[in-house]
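All letters in the sequence shown, in the order written, are residues -25 to -1, 1 to 241 by mature numbering (1 follows the signal peptide of the UniProt record, and there is no 0).
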Amino acid sequence: MDPEKFAKYCLSIVVLISLVVVVNASSLPSSRRSKYEILKQINRNGPYIGLITVYAPEETAFFGRRFKIGKVHDKKVIYVRCGIGMVNAAAATQQMVDLFNVAGIVHFGIAGNVNNSMSIGDVSIPKQLADTGLWDWVNPNGTLDSTDVAHLEIETYNVPKGGENLLGSIGYMQEQFFSASGKPNVSQPLFWIHVNQQWLQVASKLETSVSNGFPVIVIRGLSDLAGGQSGQNGIQTFGSLAARNTANVVVQFLKELKRKDLYPSF
């Protein structure tokens, strides 16, 4: 089958799931020229709204795999699952804005809750974002994550007198890393990632949407207490609920989004 016919064939495969119509953009010909021609054809139908998520329950709730092109409430969208971690989030977002004609980014998924005024299952839109460590301060009932490869119990270190304090502990865990050299959608557990200058530059663009001049909104459903619980983390129990609630909010947000807000030049 020649590249032109194959491109038309790929773009004709439409799957209707709930309100989402998607076209699989990952099944591209091996020829680089054919890939670029398909990207050009996709971008001619843009601009789109980029949808990015992290965890499997979020992906199951919204349904998507690789880059998916389609519509939600008559809004053209491109969806991708980026994988866990800052580098993955930055790289996937940068790749999306580099390759596709995108008008804005919606980053959605589940998250731990450290706000007592909110409950598991609530969906939040943060006003401000920061990347910090999660410190388990003043939490005598906190439990260590079973995936930690090392931890430091600060509460047992006191100078000049011994005893206990309320400073809790620090835990270190492996990252789930998705690489082009590995199997698709299969993570590689890494504790120490050997980064280079280019990777640091990409990581510094975690706010890639802003740095590239794109409007961005973050929508998160609360699935657990971010380590503040006693016993097992609630993400296994409430992760699917939080993901469904988040997906519903994303769909309604896209429904309410006005064309003039999305495409000011129109």
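We put the CB at the ideal spot given by N, CA and C, even for glycine.
Measuring C-alpha to C-alpha distances from TYR54 to each of LEU216, ASN88 and ALA222 identifies ALA222 as the nearest. In terms of Cβ geometry, GLY21 and ASN90 do not form a close pair [threshold 7 angstroms].
Nearest neighbour of LYS233 by Cα position, chosen from GLY196, SER144, ASP49 and ALA86, turns out to be ASP49. Here ILE27 is buried: its Cβ has 16 or more other Cβ atoms, across all protein chains shown, within 10 Å.
The criterion of a C-beta distance shorter than 7 angstroms is not satisfied by ILE24 and GLY84. Boundaries of the alpha helix (DSSP H) harbouring LYS230: 210 to 231, taken from the DSSP string. In this structure, the beta-carbon distance from VAL98 to GLY196 falls below 7 angstroms. DSSP places ASP73 in the helix class (H, G or I) of the three-state scheme. Selection ILE145, VAL62 and PHE189 evaluated against ASP123 yields ILE145 as nearest (Cα-Cα). Listed as beta-bridge partners of PHE42 by DSSP are no residues whatsoever.
Note on ASN133: under 16 other CB atoms within 10 angstroms of its CB, so exposed under the neighbour-count rule.
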